[in-house]
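S.K.: Numbering (the working numbering), first residue to last: 423 to 739. Where is the CB? At the ideal position from N, CA and C, for every residue including glycine.
1. For a test of the three-state rule: what should DSSP assign to residue 539, helix, strand or coil?
2. Using three-state DSSP, classify residue 428 as helix, strand or coil.
3. Where does residue 710 fall in DSSP's three states?
4. Pull up the distance between the alpha-carbon of residue 427 and that of residue 579, whole angstroms please.
5. Jot down the residue ranges of each uninterrupted beta strand (DSSP E) in the stretch 572-648, minimum 3 residues, whole runs only, in chain order.
6. Locate the beta strand (DSSP E) running through residue 448, then write down its first and last residues.
7. Is residue 476 helix, strand or coil when you go by DSSP?
8. According to DSSP, is residue 556 helix, strand or coil?
9. With a threshold of 8 angstroms, are at least 3 pairs of Cβ atoms found where one atom belongs to the stretch 717-727 and the other to the stretch 622-639?
10. Within the continuous beta strand (DSSP E) that includes residue 654, where are the two ends?
11. Between residue 562 and the rest of its own chain, which residues show a CB-CB distance below 7 angstroms, the 5 nearest in sequence each way excluded?
12. CB-CB under 6 angstroms to residue 731, same chain, minus the five flanking residues each way: which ones, in chain order?
13. With 16 other CB atoms within 10 Å as the buried threshold, where does residue 739 fall?
14. Starting from residue 493, trace the alpha helix (DSSP H) both ways and give me its first and last residue.
15. Measure how close the beta-carbons of residue 654 and residue 594 come, nearest whole angstrom, since I'm counting them as under 8 angstroms.
16. Quick check on this structure: which residue in 690, 647 and 679 has the alpha carbon closest to the alpha carbon of residue 718?
17. Quick one: give me the first and last residue of the alpha helix (DSSP H) that residue 513 is part of.
18. If residue 621 and residue 685 are in contact, beta carbons under 8 angstroms, what's the gap, nearest whole angstrom?
19. Check the C-beta distance from residue 552 over to residue 713 and give it rounded, since I have them as a contact under 8 angstroms.
20. Return helix, strand or coil for residue 739, following the three-state DSSP convention.
21. Please say whether residue 482 and residue 450 have beta carbons closer to each other than 7 angstroms?
22. Where does residue 470 fall in DSSP's three states?
23. With 16 other CB atoms within 10 Å as the buried threshold, where does residue 498 fall?
24. In this structure, what does DSSP give as the bridge partners for residue 683?
25. From this set, 437, 504, 485 and 534, which residue's C-alpha is nearest residue 463's C-alpha?
26. Assign residue 697 to one of three DSSP states: helix, strand, or coil.
27. When burial is assigned at 16 or more other CB atoms within 10 Å of the CB, is residue 588 buried or exposed?
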């Protein structure tokens, strides 16, 4: 199988690269430089692209089996206009040009998996959001305007996928939640450091955390590749979103930590300012469930946070 991964040098891309680095697979990463990371990953080719215009890179898609587009500027930044514009452009333009490359291919890939985000759903506590009945955010009262901008970016991102002239290619939008993986600078490592330092819930701790173990991220991608009857939007998250207070309490137990000093919202605002990031990543209530994956028959290896956290802690050592 030939797999093309635009934006494959990030955390999620590297999870997939390791999973697909098999003798029978050919994995190609499209990146801005075309240079491999240090150290390089054996058996993976790197090809340069600019994420905006057709070029020699587009020949890689001709005859490929699947394109998994993970390209897009990181959301871990301050939401000023320059960064918001870069977040929008990098997502929409890369999606648009991939559609153009697929449309121009003599042998278009039969499957296009396109990254999206569970942040598209409304900030809520009362009920879970699934693909059929979930509420799209952006108009809920009482949330910062910058949170609405995030939703607008994701809607434009998915809109570019829907508008692509690729009738022979199955398209799937991956509404990805926080993926808990073992890299030293990933979200799990950050949360574990928070707990080890003796800090507890964020703000009032009521907001929901939707999460996904790294093995189920790879597993759900493999599942969607194998099921030729599935298309459209899929929530990539575990079946058990939890309030932040409970989520962190479970992690503390796995880490053997009892001290839990609450972190008020005002302290988070100060902290995220100095860390050059935004509180939306911490405080938006993402109560999202994977109804379509479950109905299609996907079986989670780590369906509960207690089990997932134990696995991640024990493997990290």
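M.R.: A quick look at the data gives this:
1. Here residue 539 sits in strand by DSSP.
2. Looking at residue 428 - three-state DSSP - the assignment turns out to be strand.
3. If DSSP states are grouped into helix, strand and coil, residue 710 belongs with the strands.
4. Rounded to whole angstroms, residue 427 to residue 579 spans 17 angstroms at the Cα level.
5. With a minimum length of 3 residues, the unbroken runs of beta strand (DSSP E) contained wholly in the stretch 572-648 fall at 592-598, 600-602, 621-624 and 633-635.
6. For residue 448, the enclosing beta strand (DSSP E) begins and ends at 448-453.
7. It is coil, neither helix nor strand.
8. Correct three-state label for residue 556: coil.
9. Verdict: yes, contact present.
10. For residue 654, the enclosing beta strand (DSSP E) has its first and last residue at 654-658.
11. 544 and 545.
12. Closer than 6 angstroms at the Cβ level, and outside the excluded window around residue 731, lie 672, 673 and 676.
13. With a pLDDT of only 48 at residue 739, under the threshold of 50, the placement of this residue in the model should not be trusted; the figure read from the coordinates follows. Only exposed fits residue 739, as fewer than 16 other CB atoms lie within 10 angstroms of its CB.
14. No alpha helix (DSSP H) contains residue 493, which DSSP labels as neither H nor E.
15. Taking the Cβ atoms as the reference, residue 654 lies roughly 7 angstroms from residue 594, within the contact range of under 8 angstroms.
16. Ranking 690, 647 and 679 by CA distance to the CA of residue 718 puts 647 first.
17. Taken as a continuous stretch (DSSP letters only), the alpha helix (DSSP H) holding residue 513 covers 503-526.
18. Taking the Cβ atoms as the reference, residue 621 lies roughly 5 angstroms from residue 685, within the contact range of under 8 angstroms.
19. Right, the Cβ-Cβ distance comes to about 4 angstroms (below 8 angstroms), so this counts as a contact.
20. Because the pLDDT at residue 739 is just 48, under 50, the model does not fix this residue reliably, and the value given afterwards should be weighed accordingly. Here residue 739 sits in coil by DSSP.
21. Yes. Within cutoff.
22. Looking at residue 470 - three-state DSSP - the assignment turns out to be strand.
23. Per the 10 Å Cβ criterion, exposed.
24. Answer is 621.
25. Nearest C-alpha to residue 463: 437.
26. Coil at residue 697, not helix or strand.
27. It is buried - the Cβ of residue 588 has at least 16 other Cβ atoms within 10 Å.
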